[in-house]
């Protein structure tokens, strides 16, 4: 998530406010393979998929830059990376197969 920090002024106080201008969500689901060979193959597939996703994000970010606020200082924009790990279980697999819409 990329954001710019703006100072929000009220009557007697000033507070910094983070305004998000770009956010990317990547969903990765690690699995538990039955054999070591299958685990190696699954890991390689996960890495390849993640790399392809990062390339798509990079390409898209380089195409569209109209929403990026101007840089007013020499400091880079603040960013935040958040990881949420959800292990693949039988119940999660069944839940993901059920259409939600």
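In UniProt numbering, the protein residues as written are 1 to 101. Glycine included, every Cβ here is placed at the ideal spot set by N, Cα and C. Here the structure is a predicted model, which means the values were calculated and not measured.
Neighbourhood of residue i by C-beta distance below 8 Å, restricted to the same chain and skipping five residues each side
| i | result |
| --- | --- |
| residue 37 | none |
| residue 82 | 1 |
| residue 61 | 22 |
| residue 78 | 2, 3, 4, 5 and 18 |
Limits of the beta strand (DSSP E) - the one that residue i falls within
| i | result |
| --- | --- |
| residue 6 | 2–9 |
| residue 22 | 14–22 |
Sequence-distant residues of its chain with Cβ nearer than 7 Å to residue i (five each side left out)
| i | result |
| --- | --- |
| residue 33 | 39 and 42 |
| residue 28 | 46 and 50 |
Sequence-distant residues of the same chain with beta carbon closer than 6 Å to residue i, five excluded per side
| i | result |
| --- | --- |
| residue 8 | 15 and 17 |
Whole-number beta carbon distance between residue j and residue i, since they are thought to touch under 8 Å
| i | j | result |
| --- | --- | --- |
| residue 57 | residue 21 | Actually they are not in contact, since the Cβ atoms of residue 57 and residue 21 sit about 15 Å apart, beyond 8 Å. |
Ranges of the alpha helix (DSSP H) found wholly within the stretch 15–68, counting only runs of at least 4: The qualifying runs are 36–63.
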